[in-house]
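**Student:** This is the structure I want to talk about, given as structure tokens.
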Amino acid sequence: MADNHYKTPKLDELEKGRWPSFVKEIKLASQKSPMATDLLGQLEQSYNERIGHWKHGGIVGVMGYGGGVIGRYSDLPDKFPHISHFHTIRINQPSGWFYTSEALRTLCNIWEKHGSGLTNMHGSTGDIIFLGTQTAELEPIFSELTQAGFDLGGSGSDVRTPSCCVGPARCEWACYDTLALTYDLTMAFQDELHRPAFPYKFKLKMSGCPNDCVASIARADLSVIGIWRDSIQVDKEAVKEYAAKGMDIRSEVVDNCPAKCMDWDGKELHIDNSYCRRCMHCINVMPKALRPGKDRGAALLLGSKAPIIEGALLSSVIVPFIKIEPPYTEIKELLAKIWEIWSEEGKNRERVGEFIQRVGMGNFLEAIGVEPIPEMVAHPRENPYVFYEEYFEEDESEEEK
Amino acid sequence: MADNHYKTPKLDELEKGRWPSFVKEIKLASQKSPMATDLLGQLEQSYNERIGHWKHGGIVGVMGYGGGVIGRYSDLPDKFPHISHFHTIRINQPSGWFYTSEALRTLCNIWEKHGSGLTNMHGSTGDIIFLGTQTAELEPIFSELTQAGFDLGGSGSDVRTPSCCVGPARCEWACYDTLALTYDLTMAFQDELHRPAFPYKFKLKMSGCPNDCVASIARADLSVIGIWRDSIQVDKEAVKEYAAKGMDIRSEVVDNCPAKCMDWDGKELHIDNSYCRRCMHCINVMPKALRPGKDRGAALLLGSKAPIIEGALLSSVIVPFIKIEPPYTEIKELLAKIWEIWSEEGKNRERVGEFIQRVGMGNFLEAIGVEPIPEMVAHPRENPYVFYEEYFEEDESEEEK
Amino acid sequence: MAETAQARKTDIGPPHYEKFLPPIIKKNYGKWRYHEVIKPGVMVHVAESGDKLYSVRVGSPRLLSIQKIRMYADLADKYCDGYLRFTSRHNVEFLLTKPENIEPLIKEVKALGHPVGGIQNSISSIVHTQGWIHCHSAATDASGIVKSVMDELIDYFENMKLPGKLRIALACCLNMCGAVHCSDIAILGIHRRPPKIDHDNLKNICEIPNVSASCPTAAIRPATVNGKPSVEVIEERCMFCANCYTVCPAMKLNDPLNDGVSIWVGGKVSNARHEPMFSKLAIPFLPNNPPRWPEVTSAVKNIVELWAKNAKKYERMGEWIERIGWPRFFRMAGIEFRKEHIDDFKHAGLTFKRSTHLTF
Amino acid sequence: MAETAQARKTDIGPPHYEKFLPPIIKKNYGKWRYHEVIKPGVMVHVAESGDKLYSVRVGSPRLLSIQKIRMYADLADKYCDGYLRFTSRHNVEFLLTKPENIEPLIKEVKALGHPVGGIQNSISSIVHTQGWIHCHSAATDASGIVKSVMDELIDYFENMKLPGKLRIALACCLNMCGAVHCSDIAILGIHRRPPKIDHDNLKNICEIPNVSASCPTAAIRPATVNGKPSVEVIEERCMFCANCYTVCPAMKLNDPLNDGVSIWVGGKVSNARHEPMFSKLAIPFLPNNPPRWPEVTSAVKNIVELWAKNAKKYERMGEWIERIGWPRFFRMAGIEFRKEHIDDFKHAGLTFKRSTHLTF
Ligand code: SRM
Ligand code: SRM
Ligand code: SRM
Ligand code: SRM
Ligand code: SF4
Ligand code: SF4
Ligand code: SF4
Ligand code: SF4
Ligand code: SF4
Ligand code: SF4
Ligand code: SF4
Ligand code: SF4
């Protein structure tokens, strides 16, 4: 069955055009994999009928793990027997998605033996995705993966596979070592990652600076975003060079500063760092001249997620600045406290961001032992509905609730 | 009892200081009114005990009216018999709060005969407030007031006394005749004003321009705010004069323009009116040089209110621009539609702004027959929870719900 | 209403304003060209026709005796051909056509103990409410605090040295009759103790279902207390809004030990430059300390002077704070940031800091 | 886990990243000085040491066959000493130390049918999800739309002519696995018909209380349907979120006649200049029209080109729209503004226009 024996006129349309074609990829795979072939067939039918043909996933997995595999079954098993099972395996990627050709080939060989030969490099959370295999293949794949030094990623109500930006490996703006932190936390939380015990999923994403190249503020329960406390490093000569090379520093840089804390007199660039909002724009525009300060660390933000169910959330500041150094004790202790209260009092399928809103940020902070500070809010409350917690009784003695 | 026979050491403190003293006013009144005297006594006790001594108001009023009087009773009637009743009468002020000395004296004479001699000029809604009288005095006061050409204002779940800024009477920026509109609507809605028939109160406030000198956007269910559609009128010479007189037009005017649509080259002021947000700032700063355009009218905004109970609201745009000309048919018809649906479907004590949020702005607009336009929103929805109202059945025919 | 009108006039509405407009206004109605502020409290409006109308703004306690009003009337007769008006912030405006009358009028007004000012970049009168003078809901007095605060700030009423307008408002309970929620500085009376329920009478004077329904946080539920049908309040759920008291006198919130005042900042109403803004919580609680509420007056003064010293020209309180950031505001004002400052009502999540736009 | 580790390795975690870092990175780790974009898709990072690392970014469909991955591996061996990485938007980055290798590499990459670009002011790959390829919840396909849209926009991937970065993301249902909610342009699969309930099996495969509880709008209530215990849906209350389907397979939302796509604009994640923003609804519904979704591709292209033509340098989609205002955006884009655009969820009131900052 080297060749695709289904007619797929609709999908064939998608082999045309200049952008690389996923259909070509499936056809490549189908040269060796009947699963890929059946996938083509079922997908063509979906294109004709405008509806998917997958059943609601069931629970499958590998021994001792509660996550890492997404069960999937075709609702046309008789017609497409090779994809009657078509489970996904999530494999924890190396920090920063760096690979050697060797490592890639190792993964390909395992997947050629045991699955469809189709992958996602990578999934939205960051995992290596092996797309489509049978239940029976799960254990063999798992043992070959672990032999090769790989392990499964997260799924279900557990810590999800942490991911990070390229950071210090290739970026001059990294305010902390995103790869090291990601690896360390991933190792530290192997149990939480592989054995779902939370009310719902918990995601961690690490970005080295406020450009947030892993979009952590939009899609991580804990967003670790690099930032600096001191002044932007300025190379005055380099600034002049940009100007000389024709950059309009006023309109391109100064006028775009959200803090309005910069000034350019045609010769020198002045920055009032006490007002600088660390937005990165001026640095982004003049990478040769400006750099983040030297006193570097990260801001910790909590709670972002997609809409389901209380509406999408962005992470919000819980710690405006923290030094990021091994063994990262502070972060781990903070996470432990957060997980403890959330696990105790969180509802089923309630993300930590939703939990915080339900119990109130103030109460949440008390529970995790963090002092409230104005950096945590865009502005103080506008409504007068304050839950004052103490009041005096007639006998004048202060009462605690 | 010409003199105050209570010792009021605490209140006496408030006769000192440079700001005019309300205590002095009460003492002035108490020269003739035992009610004012008892008020002093009770107030001194409140100051000593740090608590008010008024009972929850009961329903009192004048024949045929459901509003205009706030019943009030002392909870120390034996100690302060003259204020055992201490009802407030709300009297509909003339538009713009203009008076002749004659009119004021007439009011004073009526109040001297029948009440405490204490007033608020004016109440927060805008009424003339007669502060404190007996139930028995209500009818006599009412008939003398109406003889003198005055009538009661609103209270309870009715149209509240409309009020307006000084507008064209004394302000160069009035984009419509606030006094005329206020008077006309007040007369048109006498029944709605005097006979509560709504789910809750409904307030109207008219400001002649976006400076909103009656704070209508914060405290009126319908806020009518003057605005212009065409270009700001510029007197170039006058601009130069301001500059010559030492105004830094860039920093004071141009840099403060929220639309960033102005430019000043040292000689001429350029305004890109298609981006101007009608904020008034530049006009406020250079009244001799700049004026609102000539195509004037008003924006209609709905729904502002204080916090109780769903939280404070600001009014929001329902009609971005409308010509304001007698007989104001459009506004009246719009109000009629709003009141109809709100009266039918509004809950008890639900302000129209809260009602709109409960039923949804889209549904509300449909009910009052107004087309949705982007001017009504700061931005479109961010959440994907759209109530699509039609769907196709298998037979392909479009279904209406 | 025609038939009743014979016997008894009703629904006649207010007198027509035109009756009360001075001739110069009738003549130049809607034809004003521009205005100038001549000195604190005095401005002139110049009409297309060239006519000039002088307005002298006089500070008022709002609570006025008929005696005082008559004195105003006399002054209006003497200097203004009998014409005057009140403002939306309850000041008096004498309307003059003869500039030579301005100074004598001001002299007499001041002799009556009333200041002249409040125009342009100044603090105008404090919009306020009834308090212990007339309302049953009051968590604090209105007039007393207003008097005490304005005694402190009157210089800012009488001069125009501020960066921009500063609007202060006071409301004596959460009903916020002063519509204080959009003020540069709002002084708000607050309760801090759950309702003390009059179980013996509740059933007779209130509908139990209405009482339960009135609570926005569902803190109230029906209960039988010493044999009588009544309600109980889950205290942790109560945020002291007093809505239950508004619908039922047997749910008393007023409490001398716990009632007090909160301070809010940064609201505005005008559309000038920045869109209207709500005021935000600055100080959760200050005690009721009559007759002069020293804690409140000094807190307000502190904030006013901080703003006066640091804001740019035209910058309202809220615009200034937005520019410097809330953390810096709390630091500069020396106000402790507490749990109470963090919103936990409906839209709380939107008030959290959802970016890394941070300053250090 | 020690004991099991003998028999069967578990919880070993991912391989340590250092194993996969090229020597030049190990040497200059954290010591990069600056970077420059040499040409579309090619940039150089210069280290304090003076070392130079060249990155060539290659567009990928994300769904890759092992065959294709092996070709990548071969290229890495040939030009990059075996080193490469993937990006957070699923592109491939070849990491070179020899500038002379750049052009030959690009030539071979293009020969494989992969474009080079996506750096700086360009459109990068579309973050997307599974769709009909693998997910049961999909209201549309993912890969097919992505391919069709990128075929239209590939020039913007290969050049750097845009005002700033443009990030497009696609999610095939409201779960939004693509985290599309903060994208310059989001393509979102949507259902528009209430669940079709499998009454015969519901009881056996789902917990009825959980099903009712799963509905955010309380549209689901227990009911007995032709004798069997099941649930019913109040259709007016349903906004098609599919949360009930996620917890119960018997509540099918997928429906060929009514499923389709909505378009959202103006979101961003970075803190550059403007704080992060959510995307906002631009087009409530476009039909599923495989294989090329012409309505979707042209709608997206229209918006991209409008922005490209009108935005200032560096101005992201949302920053641009904020400056010109939403009314103007809808006019320019020729998109009809409808009831659906007006928020009616939890925080709706805050999205209304609460000022008179209007343009005409
Ligand atoms: C594979 C992946 C999409 C992809 O093609 O990349 C994916 C696929 C699914 N997600 Fe997801 N999610 C994936 C990343 C995300 C992300 C993005 C991220 O993690 O950065 C989000 C948004 C961020 C967030 O977590 O809020 C996301 C938000 C959801 C949600 C909504 C959760 C919420 O709280 O809003 C669900 C629904 C649920 O969990 O029941 C969900 C559920 C699912 C399920 C398991 C369907 C279901 O209801 O059981 C999907 C399985 C599809 C399949 O058959 O393969 N997925 N999911 C991504 C994981 C790959 C990886 O491990 O790398
Ligand atoms: C007299 C006045 C305060 C003043 O000293 O100026 C006043 C006094 C009362 N208001 Fe008010 N309100 C007054 C203007 C306002 C305003 C401001 C305005 O109208 O511009 C507001 C805020 C704007 C708004 O309407 O939202 C206001 C919001 C309330 C509320 C909250 C309503 C809400 O929907 O949030 C209540 C509670 C209620 O209605 O049950 C209330 C209730 C009351 C009651 C009747 C107390 C009660 O619960 O029964 C007060 C009677 C006090 C007394 O014994 O004299 N008052 N009230 C104002 C009316 C004078 C006049 O007619 O000119
Ligand atoms: C007399 C009065 C209207 C009335 O019918 O009573 C009035 C009259 C004028 N206002 Fe006003 N405003 C009056 C209440 C208001 C209010 C409402 C309030 O304070 O409750 C506001 C909204 C305040 C807010 O935003 O919170 C108000 C916001 C303005 C503004 C915008 C100021 C700003 O920068 O935000 C201007 C423009 C300016 O001052 O440059 C203005 C300008 C003016 C001008 C210059 C208009 C004109 O050309 O005549 C008038 C006199 C100057 C002045 O400084 O007072 N008026 N003005 C009100 C006087 C109240 C008082 O006794 O102090
Ligand atoms: C490789 C990658 C990180 C990674 O670990 O994989 C990366 C790498 C770089 N980003 Fe990024 N960003 C990467 C995803 C992102 C994301 C996340 C996303 O798109 O999902 C964002 C947030 C996007 C958003 O705001 O919605 C992102 C927002 C930025 C910004 C801010 C741009 C802006 O004006 O908003 C910069 C600064 C700039 O471009 O001037 C930046 C700058 C850079 C620099 C120049 C940093 C550096 O000095 O090396 C890197 C290459 C330039 C470029 O234009 O791509 N990177 N960058 C990601 C490449 C994705 C891709 O294949 O296209
Ligand atoms: S987030 Fe910052 S540090 Fe990380 S890659 Fe992007 S720009 Fe570099
Ligand atoms: S980082 Fe942003 S806020 Fe700070 S100076 Fe540069 S542009 Fe301004
Ligand atoms: S609102 Fe406008 S028109 Fe009315 S008084 Fe104020 S400035 Fe003049
Ligand atoms: S009115 Fe406001 S927005 Fe319009 S030009 Fe003047 S300052 Fe700018
Ligand atoms: S604010 Fe409260 S206490 Fe003050 S007058 Fe209004 S209702 Fe009464
Ligand atoms: S005061 Fe408000 S919150 Fe407290 S019980 Fe009464 S209604 Fe409920
Ligand atoms: S977005 Fe929805 S349909 Fe697409 S993969 Fe995620 S859960 Fe499945
Ligand atoms: S789709 Fe969502 S809204 Fe509709 S019934 Fe299911 S859970 Fe409720």
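Chains A, B, C and D are the protein sequences, given in the same order. Using our numbering, read the first sequence as starting at 1 and increasing by one per residue. Using our numbering, read the second sequence as starting at 1001 and increasing by one per residue. Using our numbering, read the third sequence as starting at 2001 and increasing by one per residue. Using our numbering, read the fourth sequence as starting at 3001 and increasing by one per residue. Even for Gly, the Cβ is constructed at its ideal location relative to N, Cα and C. The model shown is predicted, which means the values in this text are computed figures rather than measured ones.
Can you list, in chain order, the residues of its chain whose CB lies under 6 Å from that of Gln45/A, leaving out five sequence neighbours each side?
**Tutor:** Hits under 6 Å: none found.
**Student:** Sorry if obvious, but does the Cβ on Asn1211/B come closer than 7 Å to a heavy atom of ligand 7?
**Tutor:** Answer for Asn1211/B: yes, Cβ within range of ligand 7.
**Student:** Quick check on Gly3082/D: buried or exposed, where buried means 16 or more other Cβ atoms within 10 Å of its Cβ?
**Tutor:** So Gly3082/D counts as buried.
**Student:** Between Thr133/A and chain D, is there a C-beta pair that is closer than 8 Å?
**Tutor:** Closer than 8 Å: no.
**Student:** Output needed for Thr2004/C: all residues of its chain with C-beta closer than 8 Å, excluding positions within five of it in sequence on either side, in chain order.
**Tutor:** Residue confidence is low: Thr2004/C scores 46 on pLDDT, short of 50, so the model does not pin down where it sits. Its coordinate-derived value is still stated next. Closer than 8 Å at Cβ, skipping near neighbours: Thr2010.
**Student:** Going along the chain, which residues of its own chain have a beta-carbon closer than 6 Å to the beta-carbon of Trp1264/B, five neighbours each way excluded?
**Tutor:** Excluding sequence neighbours, Trp1264/B sits near Ile1249, Arg1250, Val1254.
**Student:** Rounded to whole angstroms, what's the CA-CA distance from Tyr2079/C to Lys1024/B? Just pull it up for me.
**Tutor:** Straight-line Cα distance between these residues: approximately 25 Å.
**Student:** Regarding Arg1090/B and ligand 2, is the C-beta to nearest heavy atom distance less than 7 Å?
**Tutor:** The answer is yes for Arg1090/B.
**Student:** Is the Cβ of Pro1307/B closer than 8 Å to any Cβ of chain A?
**Tutor:** Judged by the 8 Å Cβ criterion, Pro1307/B is in contact with chain A.
**Student:** Is any beta-carbon of chain D found at less than 8 Å from that of His2341/C?
**Tutor:** It does not; no Cβ of chain D falls within 8 Å.
**Student:** At 7 Å on the CB atoms, spell out the chain C contacts of Val1214/B, in chain order.
**Tutor:** The answer, in chain order, is Ser2088.
**Student:** If we cut at 8 Å on Cβ distances, does Arg1072/B have a partner in chain C?
**Tutor:** By this cut-off, Arg1072/B is an interface position.
**Student:** Does any C-beta atom of chain D lie closer than 8 Å to the C-beta of Met1361/B?
**Tutor:** Chain D contact via Cβ: present.
**Student:** Around ligand 3, which residues pass a check of Cβ closer than 5 Å to any of its heavy atoms?
**Tutor:** Any residue whose Cβ sits closer than 5 Å to a heavy atom of ligand 3 makes the list: Cys1165/B, Val1166/B, Cys1171/B, Asn1211/B, Cys1213/B, Ala1215/B, Asn1284/B, His2035/C, Thr2087/C, Ser2088/C, Arg2089/C, Asn2091/C, Gly2118/C, Ile2119/C, Gln2120/C, Ser2124/C, Lys2165/C, Arg2167/C, Lys2268/C, Val2269/C, Ser2270/C, Ala2272/C.
**Student:** Would you say the beta carbon of Ala3213/D is closer than 7 Å to some non-hydrogen atom of ligand 8?
**Tutor:** Outside the cutoff, so no.
**Student:** Look up Gln2130/C in the DSSP assignment and give the residues it is bridged to.
**Tutor:** Gln2130/C pairs with nothing; no bridge assigned.
**Student:** For Lys402/A, which option in Tyr65/A, Met361/A, Leu118/A has the closest C-alpha, if you only look at C-alpha atoms?
**Tutor:** Only positions 1 to 401 of chain A appear in the structure, and residue 402/A is not among them; the question remains open.
**Student:** Is the region 2067–2076 of chain C touching the region 2162–2178 of chain C, taking contact as three or more C-beta pairs under 8 Å?
**Tutor:** No, they do not touch.
**Student:** For the beta strand (DSSP E) that contains Glu2036/C, what are its first and last residues?
**Tutor:** From DSSP, the beta strand (DSSP E) with Glu2036/C extends over 2032–2039.
**Student:** Could you name each continuous beta strand (DSSP E) segment of 3 residues or more that falls completely within the region 3036–3119 of chain D, going from the start of the chain to the end?
**Tutor:** The qualifying runs are 3042–3047, 3052–3058, 3063–3065, 3083–3086, 3092–3096.
**Student:** Distance check for Gly1154/B and Lys1201/B, CA to CA, integer angstroms please.
**Tutor:** Each residue's alpha carbon lies about 9 Å from the other.
**Student:** May I have all residues whose beta carbon comes closer than 5 Å to any heavy atom of ligand 11, sorted in chain order?
**Tutor:** Result (chain order): Thr3129/D, Gln3130/D, Cys3135/D, Ser3137/D, Ala3138/D, Ala3171/D, Cys3172/D, Cys3173/D, Asn3175/D, Cys3177/D.
**Student:** Straight-line CA distance for Thr135/A to His87/A?
**Tutor:** Whole-angstrom Cα-Cα distance: 7 Å.
**Student:** So Thr1037/B contacts chain C; which residues on that side make the cut at Cβ distance below 9 Å?
**Tutor:** Residues of chain C passing the Cβ test: none, with the nearest at roughly 12 Å.
**Student:** Since Cys1175/B contacts Ile1128/B with CB under 8 Å, what's their CB separation in whole angstroms?
**Tutor:** Going by Cβ atoms, the distance from Cys1175/B to Ile1128/B rounds to 27 Å, so no, they are not a contact pair.
**Student:** Where do the N-terminal and C-terminal ends of the beta strand (DSSP E) with Ile1227/B fall, by residue?
**Tutor:** It spans 1222–1228 - the beta strand (DSSP E) in which Ile1227/B sits, taken as one unbroken run.
**Student:** Would DSSP call Val1386/B helix, strand or coil?
**Tutor:** The answer is coil: DSSP assigns Val1386/B none of H, G, I, E or B.
**Student:** Give a single yes or no on whether Pro2243/C has its beta carbon closer than 7 Å to a heavy atom of ligand 10.
**Tutor:** The sequence shown places Asn at residue 2243/C, rather than the Pro named in the question. Correct: Asn2243/C has its Cβ closer than 7 Å to ligand 10.
**Student:** Between which residues of its own chain and Lys1297/B is the CB-CB distance below 8 Å, once the five residues before and five after are set aside?
**Tutor:** Here residue 1297/B turns out to be Gly, not Lys, going by the sequence shown. If we look at Gly1297/B and ignore the five residues flanking it on each side, its Cβ neighbours are Cys1175, Tyr1176, Gly1226, Ile1227, Trp1228, Arg1229, Phe1321, Ile1322, Lys1323, Ile1324.
**Student:** Identify the contact partners of Leu3350/D in chain C, using a Cβ-Cβ distance below 9 Å as the criterion.
**Tutor:** Within chain C, the residues near Leu3350/D are His2347, Leu2350.
**Student:** Which residues in the same chain have their Cβ closer than 6 Å to the Cβ of Glu375/A, if we skip the five residues on either side of it in sequence?
**Tutor:** Here the set comprises Val317, Pro320.
**Student:** Is DSSP giving Ala3223/D helix, strand or coil here?
**Tutor:** Here Ala3223/D sits in strand by DSSP.
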